[in-house]
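For reference, the structure discussed in these notes is given below.
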Amino acid sequence: MLVLGVISILSACSSNAPKLPEFSASGFIADDGVIRMWRLNDAKSQPLVLMVVYSPYKGTGTSVNFFEYRSGALWQIRSQVLNQQSGDIMEQLRFNKNDEVIFMQRVQQNSKIPLSTDEIARWRFEAERILETNTALIVGDVKLYQGHWQQGKVTTCEGEIRDVTFEPYAQNWIESRAKIWHSQLNLAWLESPEGTQLLMVADTDFCRWQPSRDSL
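Below, the structure written as C-alpha cells:
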C-alpha cells in the first residue's frame, strides 16, 4: 500500500525535525481498521493536539483518542471507545513535567477504576508510536480528505470539488454502495504523491464532527 511505503521510507528521517504545517490531516489502513488523524502544531512544529480516530472493519468499537502536549511534551491522553452494546469506555491520563503520572482513570458504566501499570505503559508506547507515524505521513505529503460523493462528484467537507480518481475496485465499491443507499455517500480517502487510496464509505456524515484548526 502507498501509505506503508511512505512510512517505511520516512521513519528514519522523521527525527530531523522538519517544518510541519500548523494544521494537518492524515491517516492509514491498519490490519483491522482505518486510522484517521488530525494534528495541530505550534510555530516550532511541536505538537499541541493529535486527534486519532480508529474505525474497525467489524463491530462498533470506534475509538477517539486525544494526545495533548505542552512545549512538545505529552501531558494528557483522553480516550473514548464508542460501544453501543456495553456502553462507552473513557480513559484519561495526565503527566507532570517529569513525565510522571499524576492522574489516571477509566470510566465504564458509571464506575471509575484506576489504570494498571501495563495499561499505562501501553498508552505511553501508543502515544510515541502514533506521533512518529503521523509525522512521517505529514512529511510524505499523505493527506486525509473527507467529504461527499454524489453521482460521481466528490466534494470535501470544506466545500471543495476535487477531481479524484480511485482504483477500479474502490470505484466499483462506491458505486455499489450508491445503489443500495440511494443517497449521498460519505467518503474518507488519502491523497499522496504515490496515488489515491479510499479509506471508508459510509452513510453517516463525517463532516458533522470533523475537527478544524480552530476546534482542535
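Here the sequence shown is numbered in the working numbering, starting from 907 and rising by one per residue. Where a beta carbon is used, it is the ideal one built from N, C-alpha and C, also for glycine.
In the displayed model, W1115 falls within coil according to three-state DSSP, outside both helix and strand. In the structure shown, T1041 adopts helical secondary structure according to DSSP, grouped into three states. With contacts defined as CB atoms closer than 9 Å, E974 and A949 fail to qualify as a contacting pair. Rounded to whole angstroms, the gap between the alpha carbons of V1060 and L1091 is 9 Å. In terms of Cα proximity to I1067, the closest of N1002, Q1052, N1040, R1035 is Q1052.
Under DSSP, S985 shares a beta bridge with N971, E997. Across the structure, E1073 and V1107 are spaced so that their CA atoms are roughly 14 Å apart.
A direct Cα-to-Cα measurement between D938 and K1049 gives close to 21 Å.
Counting only residues of its own chain and dropping the five nearest sequence neighbours on each side, F972 has a CB closer than 6 Å to the CB of M957, R984.
With a 10 Å radius around the Cβ and a threshold of 16 neighbouring Cβ atoms, E997 comes out buried. If you draw a straight line from the Cα of I1044 to the Cα of L1122, it comes to about 17 Å. Counting only residues of its own chain and dropping the five nearest sequence neighbours on each side, G978 has a CB closer than 6 Å to the CB of Q952. CA-CA distance, L1105 to W1095, rounds to 5 Å. For R942, DSSP records a beta bridge to G933, V959. Shown here for T1071: same chain residues with a beta carbon closer than 7 Å to its own, the five before and five after excluded, namely T1102 in chain order. Bridge pairing for H1054: T1061, N1092 [DSSP]. Contact annotation: the stretch 931–946 touches the stretch 1030–1040, with at least three C-beta pairs closer than 8 Å. At the C-beta level, S932 and N1016 stay beyond 9 Å of one another. Linking G967 to N989 through their CA atoms gives a straight-line distance of about 5 Å. CA-to-CA, the gap between G1058 and D1111 works out to about 17 Å. A Cβ-Cβ separation of about 6 Å places R1012 in contact with L1021 under the 8 Å criterion. Collapsing the DSSP output to three states places S1017 in a strand.
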